[in-house]
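Worksheet: one structure, shown below.
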Amino acid sequence: MAGTCYRVVVSVGSVDRSASDDGFVYFDFVGCDLISQTIGYNVNKTSFDTGYCMDSSYLYECYIYVGGVKTACTSSSITTGVSCSGSEPVEPPPVVVPPAYGKKYTLSAISKSGLTYTCEIWEKAWTGAVYPINTGTNPFVLNCLASSDDPFQPILPTTFTISADFTNFTDPWPDFLTTDDRKYHVKFYAQGTTYLVWRGYILMDSLTIPFTTGRNFVDIYCVDGLGLLKSIPYLPSTGDINVNENLLKIINNCLQYLLYPGGYYINHAINYYTAAMVNTTSYLRQCYIIPNTWVNGQDTFVTCYDVLEAICTAHGAQFFQSGGEWWIASVNERASDTVRVFRTNEDLIADTLSTVNITRTIQPYINDTLTPYYFIDNSQAKILAKGYQSIAITGDINYPANTIDNGSMLKLSGSYPANWTITLGTGGGTMTYNTSGTVPVWDMFAGSSGTTLAAANSCGYVNQGDIINLSFIYQALGTSGIALEVEIKIDVGGGNNYKWKRVLGSDPSWKYNFASGYYELTGSDGKQTTQTIETISAPASGTLYVTFKVSSVLTASISNVISTSSIFYKKRIVYNQNSTSPYKKEVNTKLGAAQPYLNTSQSQCLLTTSNNALVNFSRFSGGSTYSSMINLLLSQYYNIFYKPAINLSFTQYQLFTGSGVLGLLQNFAVTDPTGNVSISSARFVMGACTIDYINNVITGTGLQVSNTEIAFTQRDTYTL
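In terms of the numbering used here, the sequence shown opens at residue 1 and continues consecutively.
Here it is as structure tokens:
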């Protein structure tokens, strides 16, 4: 049972970082769920409330590695903060160290091809013996949970079922009643441990344990963990929602929360480039998104699953596990014999670039040597899926729900809100946290010279024409006279700026290079209210800054600051219209459809590292250039859907390729002797399927894809 739980507060000092072998300072503690946790930081922190919750009845420590030796910290520390009931990290630390696992169970079976498959079950914190378990009928089966015949389904979760025979098993059983969803990690191999095939966690659900005195077979249901991401909110690694991250870092921020022991690999095969990129470096490392894109409330974020889905949809790609590694790959590129792929581990330090052969050909059977892949059971069938002469890609013209980092002011650094700069007025200026009202607020007392509260970093980007909307909880005495001054400033560079100024009793307006450009507010008669300030269209593009100021020995209270923007356009639509057919395929994307396409403030924006809009996309393999990602995406869809597709329902024999075991990455071709609606020149990727490793067969749906660029005229429109 957990003891008293407190927030984990850390300080990271430069002395320890310099002395450390890897530049990291590590912190160990036991969470309120009684699970050990290790996090590490390679940036300085001062009294930083991490949001993690630890049980103070257990030891907690701060350490570094010096010459490979674990060494106590000298300039860093871990302490307890306020009481808590569970961890809610305010940002992902640069390192989240998975807990230690030990191999506890093994199961093995030989397939019809003669290949030996081995399943290892690792238990968290296990250090004891390894127990062999016998296998049941069809002991190792993988299922891909594709939900439709759409080859662009963004995420392909997989499950793995182990049929175990516990009839004569006298050793300790797995703890099937555990509440820890990550207690048992599963690794599945072929040919001893030569080829990693799949990995994931046992899911304590749908387990059937029979009442019997006969054979005691138990099906153990395992998942790859992608479903867990539906309950994990995204957190930016930058510590500021307005500091950009590249797509690879965003993806890894999510994957690290799966806590795969021993690390993992990410393979990225999206080979689109712009003139601002270097084509010898992964696209995902050169395309950036500002994290405020993922904000869906005051300081809350969409889930990691939503983030991965948005990235894949925008790029016509799929995310899945194959060969025990993570893959994000363009659907069209997988229509070729090979894919150009960058591979990196969870540290993201460097990529390895290679070309991987991904195709196999299913042929009429002659023998297992000449025709290793062939249909069986005479179950194969061609399934026609309707094509579309009219295809549209749409993107809602949205702005981030909030561009004020830590707008709730609940994340602290020391005694004050993190990422806010407080300047206390002379003569007794103060800023204190007040929880007596309906909503907790920060009381700002001016002192004799005035107290200011400013967002420490930028509050996002503003494009010319954007309408800025600033709202906050506000409380001040009185109903006349200036109680609070708000500075809304657009820094346009070169020392120049615009400020949204209002003098009490007059209309507000944008002022250029105005020294005292404040929006003046009267008191709220001592009541908590939501104050909203809306500007007219911004006169220029630039960086937004927000400052609150209290003067004249007054007190005003502030909290829950939100800034967002809007524009007259509501949706961008890119489409072709080659016929009068009433049938139309429409796809909505959350990224890549900014309007205008040079915009850098909307949540659709794809940016360079310096926050310029990425434009003029093309494929690495050559072909046309497209002004923005949404235009390229339309081309990808048109290549596949402009005519009826011929999909396949089939059962294929043989899983071993000679250099590994077939997975979701591989495509296939078919030698079609029928001559009826021939598919001999087509390529197929896997949809929903079942892989039975011991019977050496894969049963499922093959979805026709193409990488041939079809020429057509695009139309680009906007709706109000």
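The beta-carbon is built from N, C-alpha and C at its ideal position, and this holds for glycine as well.
| Item | Value |
| --- | --- |
| Beta-carbon proximity check, Asn588 vs Asp368, cutoff 9 angstroms | no |
| Complete alpha helix (DSSP H) runs within the region 484-511 (minimum length 4 residues, chain order) | none |
| Span separating the alpha-carbon of Ala556 from that of Asp443 | 6 angstroms |
| Reduced DSSP secondary structure (H/G/I, E/B, other) of Gly227 | helix |
| Tyr257 (DSSP reduced to helix, strand or coil) | helix |
| Rounded C-alpha distance that separates Val43 from Ile640 | 47 angstroms |
| Own chain partners of Phe48 with C-beta closer than 8 angstroms, once the 5 adjacent residues on each side are dropped | Val9, Val10, Ser11, Val12, Ser413 and Ala418 |
| Phe211 burial status per 10 Å Cβ neighbour count (16 or more: buried) | exposed |
| Nearest-angstrom Cβ-Cβ length linking Ile573 and Ala392, presumed shorter than 8 angstroms | 6 angstroms |
| Cα-Cα separation, Lys571 to Thr127 | 57 angstroms |
| Enclosing beta strand (DSSP E) for Arg572 [first to last residue] | Lys571 to Tyr575 |
| Close beta carbons around Leu720, own chain, < 7 angstroms, minus the five adjacent residues each side | Phe568, Tyr569 and Lys570 |
| 9 angstroms Cβ cutoff met for Gln256 and Glu333 | no |
| Straight-line Cα distance separating Gln389 from Lys643 | 7 angstroms |
| Classification of Ser148 by the beta-carbon crowding that lies within 10 angstroms, buried from 16 upward | exposed |
| Inter-stretch contact (C-beta, 8 angstroms, three-pair minimum) for the region 367-383 and the region 528-543 | no |
| Delimiting residues of the beta strand (DSSP E) encompassing Thr522 | Per DSSP, Thr522 belongs to no beta strand (DSSP E) and is neither H nor E. |
| Whole-angstrom distance between Tyr201 and Gly102, CA atom to CA atom | 14 angstroms |
| Exposure label - Ser282; buried when at least 16 CB within 10 Å | buried |
| Backbone CA spacing between Ala454 and Val550 [nearest angstrom] | 12 angstroms |
| Residue interval of the alpha helix (DSSP H) (run including Ile311) | Cys304 to His315 |
| Residues near Gly493 by beta carbon distance below 8 angstroms, same chain, minus five either side | Gly542 |
| Candidates Ser706, Tyr597 and Asn612: closest to Thr717 by CA position | Tyr597 |
| Chain-order list of residues whose beta-carbon lies under 6 angstroms from that of Thr438 (same chain, five-residue window excluded) | Gln528 |
| Span of the beta strand (DSSP E) around Phe650 | Ala645 to Tyr653 |
| Residues bridged to Lys103 [DSSP beta-bridge criterion] | Trp122 |
| Validate contact between the region 243-256 and the region 214-234 using beta carbons, cut 8 angstroms, 3 pairs | yes |
| Ile78, DSSP secondary structure in three states | strand |
| Best match in Gln595, Ser56 and Ala329 for proximity to Ile630 [C-alpha to C-alpha] | Gln595 |
| Three-state class that DSSP yields for Phe641 in the structure shown | helix |
| Tyr474 beta carbon less than 9 angstroms from that of Thr530 | yes |
| Continuous beta strand (DSSP E) stretch holding Gln37: start and end | Ser36 to Tyr41 |
| Residues of its chain near Pro89, where Cβ-Cβ distance is below 7 angstroms and the 5 sequence neighbours each way are ignored | Thr50, Gly51, Tyr52 and Leu235 |
| Secondary structure of Tyr6, DSSP reduced to three states | strand |
| Closest by C-alpha distance to Thr79, when choosing among Cys62, Gly68, Ser85 and Lys70 | Cys62 |
| Inter-residue spacing [alpha-carbon to alpha-carbon] between Tyr272 and Arg215 | 55 angstroms |
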